[in-house]
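Engineer: In our numbering, the protein residues as written are 941 to 1143. Think of the CB as a built atom: it goes at the ideal place given N, C-alpha and C, for glycine as much as any other residue. Computed from a prediction, not measured in an experiment: that's the story for all the values here.
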């Protein structure tokens, strides 16, 4: 993390990249990335002009599975870029920004596995998980205790924070929904004294 985005940096001066991956399954060790979508926030403002989306070419994706889950046709996926090009372009896009994702451990885990396979590196960026942040803000010091099943899924959080669901299960659509959720969580966090990078990442 650069000095500009060090622990004492005020959140208003930070570039966040909210991102989502769509994948062939949920096994971080075996499945592949189909698409990556992202949008940036500068401070607390979503910068739609500063967005990213890439389809990644994968051959082993069934037509029925890809359409029903991701809204993508097999021919769309087959015409995407290579994994190496897709991941490299995403690295160029994010730079040293702080990454934000819903249930971030999965998306970060997928990318880190690909990065390790290709380049023997891993992401160095700070990471915010919106589900964990919502738990922290809503439940305080007891946020790691058990909660109702599904209570912190993206659909439920969007409903709770007044965000209209649109374009679900595409990487770009889910990234934009997560960005709107993150906006609301940042506003809630400010009232709780979360105003710097360090206080935000202290999950």
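Nearest to residue 999 by CA position, among 988, 1019, 992, is which residue?
Structural biologist: For this step, residue 999 is matched to residue 59 along the chain shown. Among 988, 1019, 992, the Cα nearest to that of residue 999 is on 1019.
Engineer: Short check: CB of residue 1115 to CB of residue 981, under 8 Å?
Structural biologist: Taking the first residue of the chain shown as 1, we reach residue 1115 at position 175. Taking the first residue of the chain shown as 1, we reach residue 981 at position 41. No, the Cβ-Cβ distance between residue 1115 and residue 981 is not below 8 Å.
Engineer: Roughly how many angstroms separate the alpha carbons of residue 1049 and residue 1121, rounded to a whole number?
Structural biologist: The residue labelled residue 1049 in the question sits at position 109 within the chain shown. The residue labelled residue 1121 in the question sits at position 181 within the chain shown. Spanning the two alpha carbons is a distance of roughly 22 Å.
Engineer: For residue 1039 and residue 1079, I'd like the C-alpha separation in whole angstroms.
Structural biologist: Numbered from its first residue, the chain shown carries residue 1039 at position 99. Numbered from its first residue, the chain shown carries residue 1079 at position 139. Using only the alpha carbons, I get a separation of about 23 Å.
Engineer: May I ask you to report which of helix, strand or coil DSSP gives residue 1029?
Structural biologist: To locate residue 1029, count along the chain shown from 1; it is residue 89. Of the three classes helix, strand and coil, the one that applies to residue 1029 here is helix, per DSSP.
Engineer: What would DSSP say about residue 1136, mapped onto helix, strand or coil?
Structural biologist: As a first step, residue 1136 is located in the chain shown; it is residue number 196 there, counting from the start. The answer is strand: DSSP assigns residue 1136 an E or B state.
Engineer: Would you kindly work out how many angstroms separate the C-alpha atoms of residue 959 and residue 979, rounded to a whole number?
Structural biologist: Locating residue 959 in the chain shown gives position 19, where the first residue counts as 1. Locating residue 979 in the chain shown gives position 39, where the first residue counts as 1. Residue 959 and residue 979: Cα-Cα distance of roughly 7 Å.
Engineer: Could you give the residue range of the alpha helix (DSSP H) that holds residue 1057?
Structural biologist: To locate residue 1057, count along the chain shown from 1; it is residue 117. Its alpha helix (DSSP H) spans residues 1044-1059.
Engineer: Could you tell me which residues DSSP pairs with residue 1146 in its beta bridges?
Structural biologist: Outside the displayed span of the chain (941 to 1143) sits residue 1146, for which this structure offers no information.
Engineer: For residue 988, does the count of other Cβ atoms within 10 angstroms reach 16, so buried, or fall short, so exposed?
Structural biologist: Here residue 988 is taken as the residue at index 48 of the chain shown, counted from 1. With fewer than 16 Cβ atoms within 10 Å of its Cβ, residue 988 is classed as exposed.
Engineer: My assumption, with CB atoms under 8 Å, is that residue 973 sits in contact with residue 1054. Please give the rounded CB distance.
Structural biologist: Residue numbering aside, residue 973 sits at position 33 when the chain shown is read from its first letter. Residue numbering aside, residue 1054 sits at position 114 when the chain shown is read from its first letter. That belief holds up - the Cβ atoms of residue 973 and residue 1054 are roughly 7 Å apart, short of 8 Å.
Engineer: Mind checking which residues open and close the beta strand (DSSP E) that includes residue 1039?
Structural biologist: What you label residue 1039 is simply residue 99 of the chain shown in a count that begins at 1. Run containing residue 1039: 1038-1041, per the beta strand (DSSP E) assignment.
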